[in-house]
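A quick write-up on the structure given underneath.
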Amino acid sequence: FQNVSGFFVHPVGLEVLVDHSSLDMARWAVSRVFYNGQYYRDMVQLESAYVQGRVSVERVRKAPRDGDFSSMKPRAPSAAPFPLQYEPQGPRYSVRNNHVVFQAWSFAFGMSVSTGPRLFDVRHGGERVAYEISVQEALSVYGSNCPGGMSTRYMDGSFGIGRYTSPLVRGVDCPYFATYLDVHYLAHSQVSRVTRSALCIFEQNLGSPLRRHYSNLQSLYYGGLVNS
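Residue numbering for the sequence shown follows our numbering, starting at 1241 and increasing by one per position.
Right, dumping it as structure tokens:
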């Protein structure tokens, strides 16, 4: 791949399969070569086909390092600031250590190094609804017309979903007024590390009523219930 942002969409078209199953490095060997949509037995066969003019050579244009289609760099100037929600009497939930109380609901939360955020002891009206709710694994299945891409499967738990948690961006990842919490974790070290603002807690407002009815026939009335 070319070494640019979004490298996975910039392959150079050459892949080599190496058999390194032996503990003796002298016995390692090239098992198959793939180039520009064609398979070859080894590098010798690829070179021979190239010399005979039977290889379609893909001229790879050097990918620009700024503003290319694979980059997340903005292409347009930033827009006007977005509107913010407002909590007239402050948040209706409370957070104490890792325990959250919201009206009749309560739960505890944590962060697993392997699987990420977890909720514990979810209760409603004092009655337990769930002992634990958490992600068990995240699987990414890739696809491509080349062998490397078509055989790629990522089990993200092996990397550590919680370990790679990053700080949340206020107003983008979560509402601006949300409660942001740091995460402490211990992985591959004797010293714990801290990720700032890795969790956020907020009451979601969908901006629509749960129900409403208006009548101006004979009797005049309105009835509505906020969806929260």
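All residues carry an ideal CB built from backbone N, CA and C; glycine is no exception.
Considering only C-alpha positions, which residue in the set the options is nearest to residue i?
i     : options                    : result
R1363 : M1351, E1377, F1347, R1315 : F1347
Y1382 : N1243, F1248, Q1242, F1241 : F1248
D1422 : V1412, S1437, S1432        : S1437
L1450 : S1261, L1439, G1463        : G1463
F1241 : A1418, C1386, V1291        : C1386
V1335 : L1460, Y1420, V1297, R1452 : Y1420
V1353 : S1455, T1435, D1264        : T1435
S1371 : S1384, G1388, G1350, G1389 : Note on identity: in this sequence residue 1371 is Tyr, with Ser being the wrong assignment. Considering only alpha carbons, the answer is G1350.
S1468 : S1262, V1412, E1327        : E1327
F1322 : G1293, N1445, V1412, R1452 : V1412
P1407 : F1417, T1392, L1439        : L1439
Spell out the partners DSSP gives residue i in its beta bridges.
i     : result
W1345 : F1342, H1364
D1259 : A1269
Q1278 : Y1275
R1299 : DSSP lists no partner for R1299.
A1370 : V1362
H1453 : G1463
P1331 : None; P1331 has no bridge partner.
V1381 : R1393
So, under 8 angstroms CB-CB, residue i and residue j are touching, yes? Tell me the CB distance rounded to an integer number of Å.
i     : j     : result
A1344 : G1365 : 5 angstroms
R1332 : F1342 : 7 angstroms
S1374 : D1396 : Not a contact, Cβ separation roughly 14 angstroms.
L1257 : R1272 : 4 angstroms
Report yes or no: do three or more beta-carbon pairs, one from the stretch 1392-1410 and one from the stretch 1426-1437, lie closer than 8 angstroms?
Cβ pair count under 8 angstroms is three or more, so yes.
The stretch 1250-1263 in contact with the stretch 1273-1285 per 3-pair CB rule at 8 angstroms:
Touching, per the Cβ criterion.
Could you name each continuous beta strand (DSSP E) segment of 3 residues or more that falls completely within the stretch 1394-1436, going from the start of the chain to the end?
Contiguous beta strand (DSSP E) elements confined to the stretch 1394-1436 occur at 1419-1425, taking only those with 3 or more residues.
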